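For reference, the structure is listed below as structure tokens.
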Amino acid sequence: MTWDVALILLTDGLANGAVYLLAGLGLVLVFSVTRVVFVPFGDIAAFAALTLAAFETGRLPPTIGLVAVLALLATLTESASLLRRGQWRSIPGAALAWGLLPLLPCALAWLAAGPGTPAWLHVALAVLLVLPIAPLLARVVFQPIADASVLVLLIVSLALHFLLSNLGLLFFGPEGSRTRALVDGALTLGAGFTVGGQVLLMLAAAGVLSGLFFLVFERTVAGKALRATAVNRVGARLVGIRPARTARLAYGCASLLAGLIGVLIAPVTTMYYDSGFIIGLKAFVAAIIGGLVSYPMTALGALAVGVLESFASFWSGALKDVIVFSLLIPVLMLRSWMSVHSEEDPEELEP
């Protein structure tokens with residue numbers, strides 16, 4: 002391996018790591034607030050990429066139908082919950098919040114579909130269209146079982162991924178799509194080494210969004226409410242923070258990050274209806290490195306996963322995923338060794 006090849010692999014690895022970084026932040030945010038390992042995160046990213054591809058070909062994005070179905074289910078679920086509690090006067094407000102509000106991006110997409118629409122508007126609408134998906138899924142699936150164990154929530158999340166994957170096949174079809182580059186040109190460094198504009202955009206987006214993520218958590222009331230819920234749900238409820246509301250905010254942020262990931266990776270890889278699963282798995286490896294609680298460690302883990310994947314693809318393209326997922330073994334062993342284990346007292350077990 003020459004230095005030129007190593008630099009190319011390192012650049013590609015950092016670009017992939019930037020994607021895993023954003024996905025890892027979304028996974029850690031949702032888990033810390035709701036205790037849900039949000040497996041469908043990658044599916045939402047794939048839907049955003051396919052939505053952008055549909056816009057570029059002049060077609061009406063099938064995401065509109067998907068969001069409409071989820072909005073109907075969420076409205077029915079919320080209305081049934083209100084009726085059980087005798088709060089039937091709140092049903093119109095619930096219909097507005099869960100039924101009509103998510104359809105606003107659908108209406109904008111329907112108006113903007115077709116030739117002649119600027120590319121930047123297609124990108125914005127692709128992100129807006131997938132923005133309601135995670136909150137709607139959370140209302141229908143996760144909110145009714147919010148107090149279940151982490152294992153139950155994980156099983157439900159896996160089942161939800163398979164459901165979304167099949168819905169993606171139904172709405173988008175089996176064909177793969179790749180979009181045009183968001184940024185043209187390249188940056189030439191020393192010794193004739195060039196970095197593509199799309200790669201630079203991915204790295205810049207990861208850096209900017211990570212900085213905004215930090216500022217929101219440290220400087221805004223909503224960010225502090227998210228942190229409080231993540232630290233202690235009962236304590237947050239005692240001081241007037243509603244965990245259900247912060248959970249919706251967390252899912253909304255996750256949807257936003259997934260949408261941005263989708264439009265960033267769509268120009269560099271062919272996306273299919275089920276392509277998001279592997280993205281979510283590799284981001285989960287990064288989140289595990291961060292212990293599903295630490296954002297800085299998750300970011301470092303994501304960059305490590307991206308670089309390792311890039312060099313592993315050079316050594317053996319068939320085994321690159323095996324090498325990446327094998328990273329979990331030493332990480333889990335190290336965390337087990339560093340964690341404090343408390344053994345049960347035999348006397349306490351006696352009746």
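According to the numbering used here, the residues represented by the sequence shown are 2 to 352, in order. Glycine included, C-beta positions come from ideal geometry on N, C-alpha and C. Since the model is a prediction, treat every value here as computed from it, not as a measurement.
Bounds of the beta strand (DSSP E) holding valine 196 are 195–197.
Under DSSP, threonine 189 takes part in a beta bridge, and its partners are Thr195. Taking one beta carbon from each stretch, the segment 17–27 and the segment 195–211 have 3 or more pairs nearer than 8 Å; the two touch. Taking 4 residues as the shortest admissible run, the segment 273–304 contains the following complete alpha helix (DSSP H) segments, listed from N- to C-terminal end: 277–290. For the segment 111–199, the continuous beta strand (DSSP E) assignments of 3+ residues that do not extend past its boundaries occur at 187–189 and 195–197, in sequence order. Close CB contacts of glycine 224 within its chain, under the 6 Å cut and outside five residues either way in sequence, are with Val217 and Phe218 (chain order). Spanning the alpha carbons of glycine 18 and valine 68 requires a straight line of approximately 29 Å. Distance from the Cα of leucine 109 is smallest, within the candidate group Ile65, Val325, Trp99 and Met298, for Ile65. In the three-state reduction of the DSSP assignment, serine 317 falls in the coil class. For the pair glycine 174 and leucine 161, the Cα-to-Cα distance works out to about 19 Å.
Between phenylalanine 326 and valine 269, the beta carbon gap of about 22 Å keeps them out of contact (Cβ cut-off 8 Å). Residue state for glycine 224 is assigned as helix, using DSSP reduced to three classes.
With a cutoff of 7 Å on beta-carbon distance, valine 294 and serine 33 are scored as near each other.
One Cα belongs to alanine 127, the other to alanine 50, and the distance between them is close to 8 Å.
Relative to tyrosine 252, the option among Leu30, Ala98 and Ile262 whose CA is nearest is Leu30.
Three or more Cβ pairs closer than 8 Å define a contact, and the segment 264–278 falls short of that threshold against the segment 151–159. Contact annotation: the segment 136–145 touches the segment 75–91, with at least three C-beta pairs closer than 8 Å.
Each of Thr35, Val40, Met339 and Val6 was checked against the Cα of leucine 164, and the nearest Cα belongs to Val40.
If you look at tryptophan 4, you'll find it in the alpha helix (DSSP H) that goes 4–35.
With the rule of 3 Cβ pairs closer than 8 Å, the segment 310–323 does not count as touching the segment 51–61.
Ranked by how close their Cα comes to the Cα of serine 178, the residues Leu328, Gly14, Thr52 and Ala313 have Thr52 in first place.
In this structure, DSSP gives glycine 260 a helical state, which the three-state scheme calls helix.
Alanine 81 and isoleucine 266 have their C-alpha atoms roughly 39 Å apart. For arginine 234, the enclosing alpha helix (DSSP H) stretches over residues 234–239. Relative to the Cα of proline 145, the nearest Cα in the group Ile242, Pro103, Val37 and Ile92 belongs to Val37.
Cβ-Cβ distances below 6 Å link valine 184 to Gly198, Gln199 and Leu202 in the same chain, with the five nearest sequence neighbours on each side left out; the list follows chain order. Taking 7 Å as the cut-off, the beta carbon of glycine 307 is found no closer than this to the beta carbon of threonine 299. For glycine 87, there is no enclosing alpha helix (DSSP H), as DSSP gives it neither H nor E.
Apart from the 5 residues on each side of it in sequence, serine 314 sits with its Cβ closer than 7 Å to the Cβ of Lys321 in its chain, given in chain order.
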